[in-house]
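Trainee:
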Amino acid sequence: MVLVLTADQVTALAPDAASFKAGRGLAAATKWTDLGTDQSVLWGLAKGSGKNPYQTQVVLGEFATKCSCPSRKFPCKHALGLLFLAAEKPEILKTSEPPKWVAEWLEGRKERAEKSAARAAKKRTAKPKDEAAATKRVEKKAARIDDGIELLDQFLLDRVRNGLTQDQVTQYQTWEELARRLIDSQATGLAGHVRRLGEIPSSSPDWESRLLHELGSLHLLLQTYRKRDTLEPALASEVSQLVGWTPDKEELLKQTGVTDQWFVASRSLTENERLLTSSTWLYGIASKKWALKLTFSALPGRPVEHWPLGNAVETELLFYPGLAADRILPRLETAPSQPCGIPEPPDTVSSLLQRASSTLALNPWRTRIPFLMQAQPSSDLRTLIDRNGDALPWHAREKDGELLLSLCGGRPTALAGEWNGHHCIVHSAADGNSWFSLSPIPQ
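Residue numbers (full-length UniProt numbering): 1 to 443.
#1: How is THR95 classed by DSSP in three states: helix, strand or coil?
#2: Does ASN311 pass the burial test, meaning 16 or more other C-beta atoms within 10 Å, or should it be called exposed?
#3: Along the chain, where does the alpha helix (DSSP H) that runs through ILE145 open and close?
#4: Could you tell me the distance, in whole angstroms, from the CA atom of GLN443 to the CA atom of ALA191?
#5: From GLY244 to LEU294, what does the alpha carbon distance come to, in whole angstroms?
#6: Excluding sequence positions up to five away, which residues of its chain have a Cβ less than 6 Å from the Cβ of ARG302?
#7: Which ranges would you report for the beta strand (DSSP E) in the region 282-357 if only whole runs of at least 3 residues count?
#8: When the Cα atoms are used, what is the spatial distance from LEU372 to LEU415?
#9: Given a cut-off of 8 Å on the beta-carbon distance, is the pair LEU211 and VAL194 in contact?
#10: In the DSSP output, what is PRO393 paired with across the bridge?
#11: Would you grab the beta carbon distance between residue 454 and LEU82 for me? Rounded to a whole angstrom, and I think it's under 8 Å.
#12: Is ASP229 helix, strand or coil when you go by DSSP?
#13: For ARG267, count neighbouring Cβ atoms within 10 angstroms of its own Cβ and tell me buried if that reaches 16, exposed if not.
#14: Compute the Euclidean distance between the alpha carbons of PRO339 and LEU42, then round it to the nearest angstrom.
#15: Do you know offhand how far PRO308's Cα is from GLU104's?
#16: Quick one: give me the first and last residue of the alpha helix (DSSP H) that THR174 is part of.
#17: Per DSSP, ASP260 forms a beta bridge with which residues?
#18: Do the CB positions of SER439 and LEU269 come within less than 8 Å of each other?
#19: From the DSSP output, in three-state form, read off THR367 for me.
#20: Taking buried to mean at least 16 other C-beta atoms within 10 Å of its own C-beta, is LYS94 buried or exposed?
#21: Assign SER279 to buried or exposed, taking buried as 16 or more other Cβ atoms, counted over all protein chains shown, within 10 Å of its Cβ.
#22: Whole angstroms is fine: what's the gap from GLU177's alpha carbon to LEU384's?
#23: Check whether the region 405-414 touches the region 325-339, taking contact to mean three or more Cβ pairs, one atom from each stretch, closer than 8 Å.
#24: Counting beta carbon pairs with one atom in the region 166-174 and one in the region 193-207, are three or more of them shorter than 8 Å?
#25: Could you check the C-alpha separation between PRO15 and LYS66 for me, to the nearest Å?
#26: Closest to PRO364 by C-alpha separation, out of LEU221, GLU208, THR6, would be which residue?
#27: Does TRP105 come out as helix, strand or coil in the three-state DSSP assignment?
#28: Is it the case that the Cβ atoms of LEU275 and ALA291 are separated by a distance below 8 Å?
#29: Kindly list the residues whose CB is nearer than 7 Å to the CB of LEU156, restricted to its own chain and excluding five residues on each side of it in sequence; keep chain order.
#30: Alpha carbon to alpha carbon, what distance is there between SER237 and THR30?
#31: Just curious, the alpha helix (DSSP H) that GLU88 is in, first and last residue?
#32: What residue range does the beta strand (DSSP E) around LYS66 cover?
#33: Take the Cβ of GLY25 as the centre, count every other Cβ of all protein chains shown within 10 Å, and call the residue buried at 16 or more, exposed below.
#34: First and last residue of the alpha helix (DSSP H) that includes HIS193?
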């Protein structure tokens, strides 16, 4: 049996370096029993510390996985180990019909896909929406958002009037409670902004000035939203999205997007209110454009991602309206991706800061500027130094610093991440021809 599968392709699927290492350790026949394939799916029983082995299965092509282990990482180390075996020692996988436990999983996937297709078909043939009812829903949401804005505006005025060192300001719970009330008002964008404010107190020696700046930025957003009917369309759309409105997907699909070979540069996960958000930055190799794909899932589920980190996908991306807009909707979410070489990193510290300045001039509320840059950490792990010797502050999560230092080996390597105006956050890095995630998985 010959599988069109490479070790680099499997490496790109690893959610983080620890999973890659563990998966590599499981790529041995002695760790498995009942290995098999039918050319479209792989399966095997992974030996573990418990009485029963873990049932591991992988659909080839889309790399959907399932394992009976308790891991919350996708794919888990057992699925990675099985894939590494298939890539490097395909002859040990016996070709046969899937066993019952694999067949049941495949049948369940088929049933869910059919139901999803039926729902989509029903939606396409459904009666035209009641315009009056739709207008009423929009008006109701607008009124609730206005209530949330009044609440937030009063909160901001009280904080500035009473001072920033009060316990109410320095305790994260104060901001979290406000964020929840804004969610109840359907102002979800403002809720996210408030949660970010809650992370500032005591985060650095200059936190008071940073918080005051962010409070002013948020106040500007509220005042701009109130005047949205007088704004040019791009700005009005941008401000509305920042507050909590979402563009109509059907209208987006009518647009002509940007077709390119998109490199899957970085992916990070955040958790709020039992909702997990996957943020994937894509870099257009020909267009040089950045695109942000957001995927959501209610816990304990995980967002389904069809494009592995480090792969490239040739597809059309539809950009949401707005100023310096980068959020996208794929025309075809399941477009196939392929392993590719790492593109020549376009950024330096100087070009990144220039791009950030230009972006903020258009949209002063932007907090995430993506980058793909040749750089290395300083010996004290406080800065990233580019190939020109210029540096930016770097916020290294626990263990990331030493790991990145060892990956770089004293010389710059390709890194992808975000600049938030204060420091860099590295989400992924190159190790030779492999592309690793450095982003933590919420537990």
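By construction, the Cβ of each residue, glycine as well, lies at the ideal position given by its N, Cα and C atoms.
Mentor: This is what the structure gives:
#1: Under the three-state reduction of DSSP, THR95 is assigned to strand.
#2: Buried, by the Cβ-count rule.
#3: In this chain, the alpha helix (DSSP H) harbouring ILE145 covers 131-162.
#4: Its pLDDT being 44, under 50, GLN443 is placed unreliably by the model, and nothing is read from it.
#5: One C-alpha to the other measures close to 15 Å.
#6: For ARG302, where only same-chain residues beyond five positions count, the Cβ hits under 6 Å are PHE74.
#7: For the region 282-357, whole beta strand (DSSP E) runs of length 3 or above, ordered along the chain, are 290-298, 311-319, 328-330, 337-339.
#8: Taking the straight line from one Cα to the other gives about 6 Å.
#9: A distance of 8 Å or more separates the beta carbons of LEU211 and VAL194.
#10: According to DSSP, PRO393 bridges with THR383.
#11: Here the chain has residues from 1 to 443 only, and residue 454 is not among them.
#12: Correct three-state label for ASP229: helix.
#13: Taking all protein chains shown into account, ARG267 has 16 or more neighbouring C-beta atoms within 10 Å of its C-beta and is therefore buried.
#14: Their Cα atoms are separated by approximately 20 Å.
#15: The straight-line gap from Cα to Cα measures roughly 26 Å.
#16: Segment 172-184, the alpha helix (DSSP H) holding THR174.
#17: In the DSSP assignment, the residues bridged to ASP260 are THR315.
#18: It is a contact, given that the beta carbons lie within the stated cut-off.
#19: Residue state for THR367 is assigned as coil, using DSSP reduced to three classes.
#20: Of the other Cβ atoms in all chains shown, fewer than 16 fall within 10 Å of the Cβ of LYS94; this residue is therefore exposed.
#21: Buried: at least 16 other Cβ atoms inside 10 Å.
#22: Rounded to whole angstroms, the separation of the alpha carbons of LEU384 and GLU177 is 36 Å.
#23: Here the region 405-414 makes no contact with the region 325-339; the two share fewer than three CB pairs at distances below 8 Å.
#24: Output reads yes: the region 166-174 touches the region 193-207.
#25: About 15 Å.
#26: Comparing C-alpha distances from PRO364 to each of LEU221, GLU208, THR6 shows the shortest one belongs to LEU221.
#27: TRP105 falls in the helix class under three-state DSSP.
#28: Going by C-beta atoms, LEU275 is not nearer than 8 Å to ALA291.
#29: Cβ contact annotation for LEU156 (same chain, cutoff 7 Å, sequence separation greater than five): LEU215, LEU218, HIS219, in chain order.
#30: Distance between the alpha carbons of THR30 and SER237: 57 Å.
#31: GLU88: member of the alpha helix (DSSP H) spanning 77-88, first to last residue.
#32: Looking at the DSSP string, the run of the beta strand (DSSP E) that includes LYS66 is 64-67.
#33: The residue is exposed, with fewer than 16 neighbouring Cβ atoms inside 10 Å.
#34: That run of the alpha helix (DSSP H) goes 188-198.
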